[in-house]
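Okay, so here's the structure we're looking at.
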Amino acid sequence: MSARTSFLASPDYLDHLRDASALAGLTLPELIVPEEHQVVLGRMRFRYLDWGTRGKRPVLFLHGGGLTAHTWDLVCLALRPDYRCLALDLRGHGDSEWSPEMNYGIEAHRDDVAALIEHLALEGLVLVGMSLGGLTALAYAGRHAAKLDALVIIDAGPEARQEGSRRIAEFIAAPAEFDSVDEVIERALAFNPRRDAKLLRRSLQHNLRQLPNGKLTWKHDRRHRASFDAEAWARRRVALWDDIPGITCPTLVVRGGRSDVFHDEDAEKLSAALPRGSWVRVEDAGHTVQGDNPRALVAELRRFLPT
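Position 143 of the sequence shown, counting from 1, maps to 138 under my numbering, and the rest follow consecutively.
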């Protein structure tokens, strides 16, 4: 099933893309609205965006925790003349369904991605993942490397810096009922001062929902936070090292130059362990590289991606 929401079809969305691309210094061949699709994978409903250009090599983008498929909007717009760009709302995020069992482990995300790739019959695929999406991509590639022509891991790996990871976890887990969008913007800018307040006001429409009491909250599922086992999560991340030798496709590791989650040493260690790995640093970017410096990320992707 395919449909476009009123916001995506509105001039405000195109205005946002135009302003965001100008701020990023990206020259885009055209501004388009992506197709929205809803698909049932297993027993859950998922939403993904398709930026068109069917017949081109597919590139599937996976976002980080607390984000949505729209974090990739500018990157997809810039790459769409040469690639079929798709972006998934992971389970419990954006407009995808929440897990009834509150299962948000790496394996669950990995299996969702595998089901989507099979459903769409994607051939010659490039998989790109950032943060949680990067861990998911590593887990998928460890089992299905033969289905990938290339892999990109952005600011993520089996090991992460505790201080930066704790800061993100505290931001995500903080009380999340807001009286206004202005309150959300203030908190978001305190967390990441690199962002533009005007653009945040528009982009937050993808990340927020209204509660019955009239307040705003994040779209992603926060119910499991109370029972989140940080030690178990860390053990599962470290276990990803066992998958690395089986990732035989060319793999690019991208590190945000100002990231406090993933350092140069981490990117170098991961790329050295990968059979066909390399790594690059994107300057003037923190953990969310695609949001902080999309222009530089697009340049690195263009240099790496197979045609």
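Where a beta carbon is used, it is the ideal one built from N, C-alpha and C, also for glycine.
Note that the structure is a prediction, hence the values are computed from the model and not measured.
*Check the C-beta distance from Glu172 over to Leu206 and give it rounded, since I have them as a contact under 8 angstroms.*
7 angstroms
*Could you pull out every unbroken alpha helix (DSSP H) segment of at least 4 residues lying fully inside the segment 178 to 250, listed in chain order?*
192 to 198, 225 to 234
_Arg13 - DSSP class collapsed to helix/strand/coil_ = helix
*Do you know offhand how far Arg230's Cα is from Arg156's?*
14 angstroms
*asked:* Assuming the contact rule is C-beta atoms closer than 8 angstroms, Leu57 and Leu83 should be a hit. Round their C-beta distance to whole Å, please.
replied: 6 angstroms
*Using alpha carbons as the reference points, say which of Ala151, Ala262, Ser16 lies closest to Ser273.*
Ala262
*Considering Arg52, what are the terminal residues of the beta strand (DSSP E) in which it resides?*
52 to 57
*Determine the burial state of Pro296: buried for a count of at least 16 other Cβ atoms within 10 Å of its Cβ, exposed for fewer.*
According to the sequence displayed, residue 296 carries Leu and not Pro. Answer is buried; the Cβ neighbour count reaches 16.
*Straight-line Cα distance separating Glu178 from Pro76*: 38 angstroms
*Roughly how many whole angstroms lie between the Cα atoms of Pro29 and Ser175?*
28 angstroms
*asked:* If I measure Cβ to Cβ from Ala19 and keep anything under 7 angstroms in the same chain, skipping five residues before and after, which residues do I get?
replied: Leu69, Pro289, Arg290
*asked:* Please report the distance separating the alpha-carbon of Thr302 from that of Gly129.
replied: 22 angstroms
_I'd like to know whether the C-beta atoms of Asp150 and Val54 end up nearer to each other than 9 angstroms._
no
*Could you tell me how far apart the beta carbons of Ile148 and Gly124 are, in whole angstroms, since I believe they sit closer than 8 angstroms?*
6 angstroms
*Could you pull the start and end residues of the alpha helix (DSSP H) that Ile112 belongs to?*
101 to 115
*Meets three-Cβ-pair contact criterion under 8 angstroms: the segment 84 to 104 and the segment 136 to 148*: no
*Start and end residues, alpha helix (DSSP H) containing Phe299*: 289 to 299
*Does DSSP put Trp93 in a helix, in a strand, or in coil?*
coil
*May I have the straight-line CA-CA distance separating Lys193 from Asp279, to the nearest angstrom?*
20 angstroms
*Using the DSSP secondary-structure output, state which residues sit across from Val121 in a beta bridge.*
Val54, Ala145
*With DSSP as the reference, label Gly61 as helix, strand or coil.*
coil
*Give the secondary structure of Ala19 by DSSP, where H, G and I count as helix, E and B as strand, and everything else as coil.*
helix
*Write down the C-beta distance between Gly59 and His201 rounded to the nearest angstrom, noting that I regard them as a contact closer than 8 angstroms.*
At roughly 14 angstroms, the Cβ-Cβ gap does not stay under 8 angstroms, so Gly59 and His201 are not in contact.
*Just how far apart, CA to CA, sit Glu25 and Leu72?*
8 angstroms
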